[in-house]
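Just so you know, the sequences run in chain order A and B. Following the numbering used here, the numbering of the first sequence begins with 1 at its first residue and continues without gaps. Following the numbering used here, the numbering of the second sequence begins with 1001 at its first residue and continues without gaps.
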Amino acid sequence: MFLNRIKKELPLHLIILPGLALVVLFSYLPMAGIVIAFQDFVPAKGLFGAQKWVGGENFAYVTNMPGFYTILRNTIYIAFGKMLIGLLVPIAFAIMINEVKGKAFKRSVQTIIYLPHFLSWVILSGILIDILSPSSGIVNSIIKAFGFQPIYFLGDNSTFPLTMIFSDVWKEFGFGTVIYLATISTIDPQIYEASSIDGAGKWRQIWHVTLPGMRMIIVLVALLSLGNILNAGFDQIFNLYGPAVYESGDVIDTFVYRLGLLDAQFGPATAVGLLKSVVSTLFIGGAYYAAYRFANYRVF
Amino acid sequence: MFKIMAKTTLGSVLVLSLLLSACSKNNNGAPAASGSQATSSESQPAASESASASSPAIDPLGKYDPPIEITTFRSTNETLEANLPAGETLDKNRWLDAFEQDLGIKVKYDWVAKAGDQYDQKINLSLSSGALPDIIPVNVNQLKQLAESDQIEDLTAAFEQYASPLTKELLMQEGDRPFNAAKFNGKLMGIPSIASSRETQNFVWIREDWLKNLGLTPPKTMQDLLKIAEAFTKNDPDQNGKNDTQGLALIKDLTNVGYAVLEGFFNGYHAYPGIFVKDANGKLVYGSTQKEMIAPLTQLHQMYVDGIIDKEFITKDAGKVGEDTVAGKNGMFFGAHWNFAWPIQLVHDANVKADYQAYPIVSIDDKMAMTEVNLATNTYYAVKKGSKNPEAIVKLINMFLEKNYGATNDFNKYYRDTEGHELWSLSPFSALPPNKNIENNIAILDAIKNNDNSKLNPESMSVWDNVMKYKNDKDEANHGWFKAFSENGVGDLMVQYANDNRHIFNEFYGAPGDNMKKYSATLLKFEKEMITKFIVGKEPLSNFDKYVADYNKLGGEAIEKEVNEWSQSLQK
Chain A
1 MFLNRIKKEL
11 PLHLIILPGL
21 ALVVLFSYLP
31 MAGIVIAFQD
41 FVPAKGLFGA
51 QKWVGGENFA
61 YVTNMPGFYT
71 ILRNTIYIAF
81 GKMLIGLLVP
91 IAFAIMINEV
101 KGKAFKRSVQ
111 TIIYLPHFLS
121 WVILSGILID
131 ILSPSSGIVN
141 SIIKAFGFQP
151 IYFLGDNSTF
161 PLTMIFSDVW
171 KEFGFGTVIY
181 LATISTIDPQ
191 IYEASSIDGA
201 GKWRQIWHVT
211 LPGMRMIIVL
221 VALLSLGNIL
231 NAGFDQIFNL
241 YGPAVYESGD
251 VIDTFVYRLG
261 LLDAQFGPAT
271 AVGLLKSVVS
281 TLFIGGAYYA
291 AYRFANYRVF
Chain B
1001 MFKIMAKTTL
1011 GSVLVLSLLL
1021 SACSKNNNGA
1031 PAASGSQATS
1041 SESQPAASES
1051 ASASSPAIDP
1061 LGKYDPPIEI
1071 TTFRSTNETL
1081 EANLPAGETL
1091 DKNRWLDAFE
1101 QDLGIKVKYD
1111 WVAKAGDQYD
1121 QKINLSLSSG
1131 ALPDIIPVNV
1141 NQLKQLAESD
1151 QIEDLTAAFE
1161 QYASPLTKEL
1171 LMQEGDRPFN
1181 AAKFNGKLMG
1191 IPSIASSRET
1201 QNFVWIREDW
1211 LKNLGLTPPK
1221 TMQDLLKIAE
1231 AFTKNDPDQN
1241 GKNDTQGLAL
1251 IKDLTNVGYA
1261 VLEGFFNGYH
1271 AYPGIFVKDA
1281 NGKLVYGSTQ
1291 KEMIAPLTQL
1301 HQMYVDGIID
1311 KEFITKDAGK
1321 VGEDTVAGKN
1331 GMFFGAHWNF
1341 AWPIQLVHDA
1351 NVKADYQAYP
1361 IVSIDDKMAM
1371 TEVNLATNTY
1381 YAVKKGSKNP
1391 EAIVKLINMF
1401 LEKNYGATND
1411 FNKYYRDTEG
1421 HELWSLSPFS
1431 ALPPNKNIEN
1441 NIAILDAIKN
1451 NDNSKLNPES
1461 MSVWDNVMKY
1471 KNDKDEANHG
1481 WFKAFSENGV
1491 GDLMVQYAND
1501 NRHIFNEFYG
1511 APGDNMKKYS
1521 ATLLKFEKEM
1531 ITKFIVGKEP
1541 LSNFDKYVAD
1551 YNKLGGEAIE
1561 KEVNEWSQSL
1571 QK
């Protein structure tokens, strides 16, 4: 019986092997580099050379750095904003677009909102600087047309984080919308028919049929995005920030970039990276447990 | 960002390669007089006579018999590989043959990698795995690590004894800084592969057609310059009837990138942001926190309020500001010599009437304005501990310089042939005398003035060709070259800067110490943030003292102490 099972499943296990090997090679082995977080690391001595062990000194050094808590706060603010709004907007949009009747219109809207996802921030940042310019940008021209003062979205500490959040949502919501639309299309039309016979209007259908049908995928996406709680988006911020908005825009990743790559402070930079991973793991784990307890959600 | 970097880098590489590469025949026999002055005035070498007298057996170019073999790393690049002379490769070429035949040194590569990321990764890997070759080309940081982990040889004696007088003279053209940077505990741990530091000197670039439109003359003083900037903003210099121009272009990062930056402006007030300078007591102090910064910052704030500086500069990087410059929205900026290729050629492409001209930076008072420069030498040849012939690298550099600049030079065979092959780059070991570019510029300017290109070497000839394409055929795509090598063009100004010794060196040029490593990330951010705030008026200038106090508290004081200790360790 047992032998039979092995015989039957062996080829399947063998198929996993190459993938597993790659994961071990590229995801698990490099984790050995974590030791750098606890060392006064000198590259010339080698990864496994006679490095000086400093215990938690790198962590203490980083957390005691002036401004570290501002950076942490900026990161969480921007990352959480992106998570929350980035979760809600595609859901709302998918439901709305699902109700649209004209097929051609539906498809073209879907494609157009999906488009920015493929542009890199290097390019988009240039475009954003232009359209958000207080003197010549189109957004501020509209604001001025309504008689308001122009807003310096990218140059003002009070608006910079929100600009990061909304521009990121704008770039990525098309992608999320596609996922939710696919989910909606798997809902059995009979349920809609049944609900309309029971006298449910559009709103009631959305609330009682569409949203419950999307529940699992919403929980999954929300769960996965929780891992990004300390990822405020390096590409975007690096291309858009500057000394004037360091106060509200400097985040952990840009900080690590300056620390690790520009100043060659490998120990502290690794310590911050490790800290980020640990926090992400805790969040994902906690959220998974909560989803399991309260929403009866499970991956396997 | 990357597009911009590419553009900027391309521009500078292009120009640098043309300027760097050439060496005219005239200077073969007698390498610049200024070089020899530097040699005698500086303390470092000079012992050549005594050394050779006491041990006559030592010959800087002596041959090893039997031949020895040394290993090293080699960087390469596409241009080099695409332009190899027929029948020669990186592994088999005239330089390696010369090293083997004349010096009895067989050079072998442990590995060859493309310069840039690939090379840096490989070298870091080799350093961390301890797989070192005999001769290790490294940067100053890596040199320090190797020296501190005791993996390389002390080269003090080898250099003293084996460096030829020519080598000592050429390597000292910029003073003893490249050597001091490679010294740890008073020991020379690497031979500098010197480069010219003057390439980063800033000029002020002004739209000359706008000056003419407004009936203004070029600036002689900072006061003139401020008046021009104001007129460029308020008096409609492009005469389109609209108030759509700004006087001074500026990027959000404020310094360092060599285009639309502020070093030249601050230097005009004798303030030197970002570098260490000697104060009245001979102590090294950090320029960005000195009281000399207050006057220019006050002025910049006023210019920001008046709209002379773009109100939106805080969101614009070099690429964005470059677009404005090309569109004719601003008419003046501080920047390096290569700006004539980018963005100025683009300005001219967009508007044939647009005509930028470089001027030396100007001073607020009767003291001459000096440009701040950093040491450009960034490669050092270290020798692995226990290597049998640590002096081999000195001999190799001796030979490199002798064949190119010495009495027995064979320029066309070893430096560049008549087809323009960059033969010098076939050698894995090189050092480019800093004064060479200036001498090149002089040769080109002379040739153009006398309309006689017979003395030009092939690479200078390509500059000549570019200039002539504009001069004779009115090829507007070469307008930048024409301007650069006209009288008082930027090529000429570089020579004038050199003649006037118009530069102040960053007095700290060693490997960063522990305090600097520890605090500089925080401090650099703080400095840029505060300077930006002073300019846009978020912080009043009356808080400058508080800024300095905070700066020192955040680690500035510790760094200053460390830098001074380093500086004193050089005196020993």
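Idealized CB from N, CA, C, for every residue including glycine. Small disclaimer: the values here were computed from a predicted structure and weren't measured.
Cβ of residue i within 8 Å of any chain A Cβ
| i | result |
| --- | --- |
| B/Lys1320 | yes |
| B/Asp1253 | yes |
| B/Gly1130 | yes |
| B/Asn1552 | no |
| B/Glu1408 | In the sequence on display, residue 1408 of chain B carries Thr and not Glu. Chain A, which has no Cβ nearer than 8 Å to the Cβ of B/Thr1408, makes this no. |
| B/Ser1149 | yes |
| B/Glu1312 | yes |
| B/Gln1496 | no |
Residue-chain proximity (residue i, chain B), Cβ-Cβ < 8 Å
| i | result |
| --- | --- |
| A/Leu154 | yes |
| A/Gln265 | yes |
| A/Val139 | no |
| A/Leu119 | no |
| A/Val42 | yes |
| A/Gly126 | yes |
| A/Pro161 | no |
| A/Pro30 | no |
Chain-ordered chain B contacts of residue i [CB-CB under 8 Å]
| i | result |
| --- | --- |
| A/Arg258 | Ala1521, Leu1524 and Lys1525 |
| A/Ser135 | Lys1311 and Glu1312 |
Beta-carbon contacts of residue i that lie in its chain and below 7 Å, excluding the five residues immediately before and after
| i | result |
| --- | --- |
| B/Thr1167 | Ile1397, Asn1398 and Leu1401 |
| A/Tyr313 | Outside the modelled stretch of chain A, which goes from 1 to 300, sits residue 313 of chain A, for which no answer is possible. |
| A/Val292 | Note on identity: in this sequence residue 292 of chain A is Tyr, with Val being the wrong assignment. Around A/Tyr292: Arg298. |
Endpoints, the beta strand (DSSP E) within which residue i is located
| i | result |
| --- | --- |
| B/His1479 | Careful: B/His1479 lies outside any beta strand (DSSP E), inside the alpha helix (DSSP H) at His1479 to Ala1484. |
| B/His1503 | His1503 to Phe1505 |
| B/Tyr1380 | Tyr1380 to Val1383 |
| B/Trp1205 | Phe1203 to Arg1207 |
| B/Arg1074 | Ile1068 to Thr1076 |
| B/Leu1284 | Leu1284 to Tyr1286 |
Whether residue i touches residue j by CB criterion (8 Å)
| i | j | result |
| --- | --- | --- |
| A/Val278 | A/Phe160 | no |
| A/Asn74 | A/Ser248 | yes |
| B/Val1347 | B/Tyr1356 | yes |
| B/Phe1313 | B/Val1261 | no |
| B/Ser1197 | B/Asn1374 | yes |
Any C-beta of chain D under 8 Å from that of residue i
| i | result |
| --- | --- |
| B/Ser1387 | Absence of chain D from the displayed structure is noted, the protein chains being A and B. |
Per-residue contacts from residue i into chain A (C-beta, under 9 Å)
| i | result |
| --- | --- |
| B/Leu1375 | The contacting residues do not exist; B/Leu1375 stays about 18 Å from chain A at best. |
| B/Val1536 | Gly155 and Ala244 |
Cut-off 8 Å between Cβ atoms - residues of its own chain near residue i, not counting five sequence neighbours on either side
| i | result |
| --- | --- |
| A/Ser195 | Arg204, Gln205, His208 and Val209 |
| A/Ile229 | Ile76, Ala79, Phe80, Met83, Val279, Ser280 and Phe283 |
Contacts that residue i makes with chain B (C-beta to C-beta distance below 7 Å)
| i | result |
| --- | --- |
| A/Leu220 | Result: empty, since nearest Cβ-Cβ is about 34 Å, beyond 7 Å. |
| A/Leu47 | Ser1128 |
| A/Ser108 | Those within 7 Å of A/Ser108 in chain B number zero; the least Cβ separation is about 30 Å. |
Contacts of residue i in chain A (Cβ-Cβ under 7 Å)
| i | result |
| --- | --- |
| B/Leu1297 | The premise fails here: B/Leu1297 is roughly 14 Å from chain A at the closest Cβ pair, so nothing lies under 7 Å. |
| B/Asn1124 | Pro43 |
Neighbourhood of residue i by C-beta, 6 Å cutoff - its chain only, sequence neighbours within 5 removed
| i | result |
| --- | --- |
| B/Leu1426 | Asn1093 and Trp1095 |
| B/Leu1080 | Ser1425 |
| B/Asn1141 | Ala1511 |
| B/Phe1544 | Ile1294 |
| B/Ile1183 | A small fix is needed here, since residue 1183 of chain B is Lys in this sequence, not Ile. Hits under 6 Å: none found. |
| B/Asn1378 | Asn1139 |
Residue interval of the alpha helix (DSSP H) (run including residue i)
| i | result |
| --- | --- |
| B/Ala1521 | Asp1514 to Val1536 |
| A/Pro90 | Phe68 to Glu99 |
| B/Asp1224 | Met1222 to Lys1234 |
| B/Met1332 | Looking at the DSSP string, B/Met1332 is not in any alpha helix (DSSP H); the run it does join, the beta strand (DSSP E), is Met1332 to Gly1335. |
| B/Val1490 | Val1490 to Asn1499 |
| A/Ile206 | Looking at the DSSP string, A/Ile206 is not in any alpha helix (DSSP H), and its letter there is neither H nor E. |
| B/Leu1401 | Ala1392 to Tyr1405 |
heavy atom of the ligand HEM below 7 Å from residue i C-beta
| i | result |
| --- | --- |
| B/Glu1174 | For the ligand HEM, the structure offers nothing, since it holds no ligand at all. |
Cross-chain neighbours of residue i in chain A, by beta carbon under 8 Å
| i | result |
| --- | --- |
| B/Lys1316 | Ile129 |
| B/Thr1532 | Gly242, Pro243 and Ala244 |
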